[in-house]
Amino acid sequence: MGMDQSNMKIEFNDNEIILYKKLSIIDYLVLDFSEILARNNIRYVLFSRYLPILFGNNETSEEKEERKDIDILIQNISFEKFLKLWLEIERSYECKNTSDPIDAYNAYLKNHHAVRIAKKDNQIPEFRIKIVKNEMDRFTLKYRKKIILGDRNLFISPLEMQIPYNLFKGSPKDIDDARYLYKLSRAKLNITMMERFLGELKIPKESIDTYLKI
């Protein structure tokens, strides 16, 4: 079953979502970086700010500037695996935290601080990589959704988790994104799963009734 959203068509299938859309520059940059993670056998999910953009929620120029970060959650990896990734990406990307991979791994990644990576010839977007920290992070990685874009693909957090997370963040734009994603996908959401995370994030019932009307 497909849904039209402006010039985009969406098909929801079990653990994958097929998007028919004209890819933006940001989409291409995210795909390129995601494919590097996949090539290095690093399990990842994209979450937060990029998801509404991926699904076509239009923004003003000011909002685009605010959203120059792409949040990526990855599995817990060894230093050897991180170094292999570092040696590949340093050809075209640079780390904004440090030029030392040992420092990036020990002081940032393992301490659950974001390792910030940007392409050398294009400082926007900035990829913010974090490793799993808690049970919700592990759940997000386990139940990630595959997004198919033509002959390319990437992985995102389940919308059942992303929508509560946006309500939890609580800014007007985050709430707008939560409503947008919910309206776009509500016929295909696992409502039981989403209610679980609404509860775990302690989202007030009034907010749920106001913004989602489950």
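Taking our numbering, I'd label the letters of the sequence shown as residues 1 to 214.
Beta carbons are placed, not taken as given, at the ideal position from N, Cα and C, and that holds for glycine.
Contact annotation: the segment 45 to 58 does not touch the segment 88 to 106, with fewer than three C-beta pairs closer than 8 Å.
Residue 147 and residue 187 have their alpha carbons spaced roughly 18 Å apart. Put simply, the backbone Cα of residue 212 is about 12 Å away from that of residue 204. With at least 16 other beta carbons inside 10 angstroms of its own, residue 160 counts as buried.
Look at residue 71 here: in three-state DSSP terms it is strand.
Looking from the CA of residue 120, the closest CA among 110, 95, 194 belongs to 95. Looking at 25, 155, 177, the one whose alpha-carbon comes closest to that of residue 165 is 177. According to the DSSP secondary-structure assignment, residue 20 is paired through a beta bridge with 9. With contacts defined by Cβ atoms closer than 7 Å, residue 129 and residue 72 form a contacting pair. Distance from the CA of residue 30 to the CA of residue 70, rounded to the nearest whole angstrom, comes to 8 Å. The DSSP assignment places 145 to 149, 152 to 156 as complete runs of the beta strand (DSSP E) inside the segment 139 to 209, in order along the chain (cut-off: 3 residues). Annotation: the continuous alpha helix (DSSP H) that includes residue 36 extends over 25 to 39. Your pair residue 184 and residue 162 does not check out as a contact, with CB atoms roughly 11 Å apart and the cut at 8 Å.
Taking C-alpha positions only, residue 32 is separated from residue 39 by approximately 11 Å. Taking the CA atoms as reference points, residue 93 sits about 19 Å from residue 80. By the Cβ neighbour-count rule, residue 34 is buried, with 16 or more other Cβ atoms within 10 Å of its own.
In terms of CA proximity to residue 23, 56 leads the group 56, 15, 156, 17. Counting only the Cα atoms, residue 206 lies some 43 Å from residue 78.
A Cβ-Cβ contact shorter than 7 Å links residue 109 with residue 131. Annotation for residue 198: 164, 208 place their beta carbon closer than 7 Å to its own, counting only its chain and skipping 5 residues before and after. Shown here, residue 47 sits in a strand according to DSSP, grouped into three states. For residue 202, the number of other beta carbons within 10 angstroms of its own is below 16, and it is reported as exposed.
Of the residues assessed, residue 192 falls on the exposed side of the cut-off, its CB having fewer than 16 other CB atoms within 10 angstroms.
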